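Student: The structure follows.
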Amino acid sequence: MEKGKSQIKIGVILSYAALFLSVAISLVYTPFMLRKLGQAEYGLFSLVNSVVANLAILDFGFENAIVRYTAKYKAENDFEKEKSLHFMFFVMYSIIGIVAFAIGFVLILNIDNIFSQSLTQRELATAKTLMLIAVINISLSFPLGVFAGIIQAYERFIFLKTASIARICMTPLIMVTILIFGYRSVGIILAGAVIGMIFSLLNVMYFYKVLNKRISASKFDMQLLKGIGAYSFFVFLNIIIDRLYWATDQLILGMYVGTAAVAVYTIGAQFFNYYVQISTSISGVFLPRVVELDVKDAQGGLLSDTFIKVGRIQFLALSFVLSGFALFGKEFIAIWAGEGYENAYYVALITMIPSIIPLSQNVGISILQAKNKHAFRSIIYLFIAIFNVVLSIALVKPYGVIGCASATALGCVLGQIIIMNIYYKRKIGLDIPRYWANIGKLSVPAVVSFIICSPHSNLPLPEGLGGMFIKGLLFAGVFIFTVWIMGMNDYEKNLVASPIKNAVWKKETR
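Take 1220 as the starting number for the sequence shown in the numbering used here and just add one per residue.
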């Protein structure tokens, strides 16, 4: 148990280290790529990635099932069922990989029919090459992804997050080299596929050498398969919904407007994705532990405590980023991305504001999955996702990228905030009123610091990144001071103060 807690603690730290590196490197690398590729080819590159990413729905929700059931059998010490489980998933994912390639090949043959109204002949030819590479990559990633799920279920977060950090650092170095030598989008997507394959094979080696596990033929447990199917169906439905909800805007823009609009939306979505990663980088390590709590019949109050404790930390981080982006994001994007990307700021801000609530409640998803009660969420999200697609199509021509972002934000308010909070309270038994009371208290210092710093965004400082850096430091100082005095509890203050005290103590004892 202590080892598991250590893995979780270090895993969270490494998650945020990986997040920081990912954002920092991306902020440096993306402008270089934008200028090397140009707005049209960058938009094409993003469009192809968005289309091929839809093949990820063929996962059928099994990725979460691998983690849940492996953690369950591990907690129950049922190693025979665990062995059967791993073989069954490897076979199923191998079949899924073959199906993914077949569907992807059909998509490649029909690119002309799908995008002929918005893409040039040269763009269509490039899109076919990009899609072929991406389809092969995602097809191979399905069976190899089984090993990462097993490693996560064993709570080996240090290995997973360290590998993630190495990949984050390696990828842009290779990509920049490729762009310098003039290989453009085809070279980028090919290099990305090769890097992904290398790290997938590292997971395989860890599975065999460190965990000392084996994938060996065994009889399919049909009763187990039936249970997994019932569990995975609604996770699968949720994957489809996520694709409909978050990824179809780029597809709609590609079909009705063109690659330039896709490029603008992609930049806005990139900042939104940074925002999302702040939440998921910590909540992602909690599913195995929440499953263990549920297996051991922990009282609902303990799950509520975890839900609120993690939610507060996530809200603190998210509100800091949201406030800073609202103050300085428009100016930063103008400097960072250049002309033609002004609306990316509004795309990001419109989607970020309502998402702060569901993102601070991400541990709730793990609780639903652990309790096998995620069906309702999936069904509600399906209707909201369809609503988002219909509204986006209606708004895309008169309002472009802003219309698509607004449709997404409205769906978030209806489904992820209003309906899901009612469900968490009435059916799961989480203490949602206490959650909102905590969030209300944390919102006050966040709003106060935003108001105090609003005039600072117009201070007569040097133009460019230097002036922005000074304004950012002023805002960070005010935010941290205000939240420390008015918002943070003793536990959160200790999370910040304890590492500082330990560092000072070690220095003094030398």
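A virtual CB, placed ideally from N, CA and C, is assigned to each residue, including glycine. Since this is a predicted model, take the numbers as computed values, not measurements.
#1: Under the three-state reduction of DSSP, which class applies to arginine 1596: helix, strand or coil?
#2: Less than 8 Å between CB atoms is the rule here; does threonine 1345 satisfy it with respect to chain C?
#3: Identify, in the order they occur along the chain, each residue of the same chain with its Cβ nearer than 7 Å to the Cβ of phenylalanine 1551, setting aside the five sequence neighbours on each side.
#4: Do cysteine 1672 and leucine 1546 have their C-beta atoms within less than 8 Å of each other?
#5: Can you tell me whether valine 1529 is buried or exposed, with buried defined as 16 or more other CB within 10 angstroms of its CB?
#6: Relative to the C-alpha of isoleucine 1621, which residue among Val1318, Leu1326, Ala1488 and Glu1374 is closest?
#7: Give the straight-line distance between the Cα atoms of isoleucine 1190 and isoleucine 1352, rounded to the nearest whole angstrom.
#8: Taking the continuous alpha helix (DSSP H) assigned at aspartate 1331, which residues delimit it?
#9: Check whether the Cβ atoms of arginine 1287 and asparagine 1457 sit closer than 8 Å, and answer yes or no.
#10: Are alanine 1556 and alanine 1563 close, meaning C-beta to C-beta below 8 Å?
#11: By the DSSP assignment, the alpha helix (DSSP H) with aspartate 1468 in it spans what residues?
#12: Can you give, in chain order, each stretch of the alpha helix (DSSP H) that sits fully within the stretch 1299-1369 and has at least 4 residues?
#13: Near arginine 1531, which residues of its chain fall below 6 Å by C-beta distance, leaving aside the five closest residues on each side in sequence?
#14: Quick one: complete beta strand (DSSP E) runs, 3+ long, within the stretch 1391-1452?
#15: Closest by CA to proline 1573, which one among Tyr1560, Val1476, Ala1626 and Lys1549?
#16: Kindly list the residues whose CB is nearer than 6 Å to the CB of leucine 1522, restricted to its own chain and excluding five residues on each side of it in sequence; keep chain order.
#17: Closest to threonine 1390 by C-alpha separation, out of Thr1249, Ala1259, Lys1300 and Met1441, would be which residue?
#18: Put glutamine 1371 into one of helix, strand or coil per three-state DSSP.
#19: By how many angstroms is the C-alpha of leucine 1338 removed from the C-alpha of isoleucine 1384?
#20: What is the rounded straight-line gap between the Cα of valine 1540 and the Cα of tyrosine 1494?
#21: Check each candidate in Asp1331, Val1615 and Ile1229 and name the one with the smallest Cα separation from leucine 1813.
#22: What do you reckon, is the C-beta of isoleucine 1621 under 7 Å from a heavy atom of the ligand ADP?
#23: Under the three-state reduction of DSSP, which class applies to methionine 1571: helix, strand or coil?
#24: Would you kindly report the start and end of the unbroken alpha helix (DSSP H) that includes alanine 1284?
#25: Note down, in chain order, each residue of its chain lying with its Cβ closer than 7 Å to the Cβ of cysteine 1623, except the 5 sequence neighbours on either side.
#26: Using three-state DSSP, classify leucine 1649 as helix, strand or coil.
#27: For glycine 1619 and alanine 1479, what's the separation of their Cα atoms in angstroms?
#28: If we count the other Cβ atoms within 10 Å of its Cβ and call it buried at 16 or more, is alanine 1243 buried or exposed?
#29: Look at the alpha carbon of alanine 1410 and the alpha carbon of isoleucine 1638, and state the distance between them as a whole number of angstroms.
#30: Is lysine 1549 helix, strand or coil when you go by DSSP?
#31: Between glycine 1368 and leucine 1578, what straight-line distance do the alpha-carbon atoms span, to the nearest angstrom?
#32: Let's test the definition: count the other Cβ atoms within 10 Å of the Cβ of proline 1362 and tell me whether it reaches 16, buried, or not, exposed.
#33: Hey, quick one: how far does the alpha helix (DSSP H) through lysine 1644 stretch, first residue to last?
#34: What does the alpha-carbon distance come out to for the pair isoleucine 1285 and glycine 1543?
#35: Mapping DSSP to helix, strand and coil, what is alanine 1556?
#36: Is isoleucine 1707 helix, strand or coil by DSSP?
Tutor: This is what the structure holds:
#1: Here arginine 1596 sits in helix by DSSP.
#2: No chain C appears in this structure, which consists of one protein chain only.
#3: Contacts found: Met1687.
#4: yes
#5: Answer is buried; the Cβ neighbour count reaches 16.
#6: Considering only alpha carbons, the answer is Ala1488.
#7: Because the chain here runs from 1220 to 1729, residue 1190 falls outside it and cannot be looked at.
#8: 1330-1334
#9: no
#10: yes
#11: 1467-1475
#12: DSSP runs (the alpha helix (DSSP H)) wholly in the stretch 1299-1369: 1330-1334.
#13: Asn1657
#14: none
#15: The option with the nearest alpha carbon to proline 1573 is Ala1626.
#16: Ile1586
#17: Thr1249
#18: helix
#19: 36 Å
#20: 7 Å
#21: Since the first and last residues shown for the chain are 1220 and 1729, residue 1813 lies out of range.
#22: The model on display carries no ligand, and the ligand ADP is accordingly not part of it.
#23: The answer is helix: DSSP assigns methionine 1571 an H, G or I state.
#24: 1281-1295
#25: Asp1468, Ile1471, Leu1472, Tyr1484, Ser1611, Leu1614 and Val1615
#26: coil
#27: Roughly 11 Å between the two C-alpha positions.
#28: Alanine 1243 is exposed by the Cβ-count criterion.
#29: If you take the alpha carbons of alanine 1410 and isoleucine 1638, they lie about 42 Å apart.
#30: helix
#31: 22 Å
#32: Proline 1362 comes out buried.
#33: Lysine 1644 -> no alpha helix (DSSP H), and no H or E assigned at all.
#34: 38 Å
#35: coil
#36: According to the sequence displayed, residue 1707 carries methionine and not isoleucine. In the structure shown, methionine 1707 sits in coil (DSSP, three-state: anything other than H, G, I, E or B).
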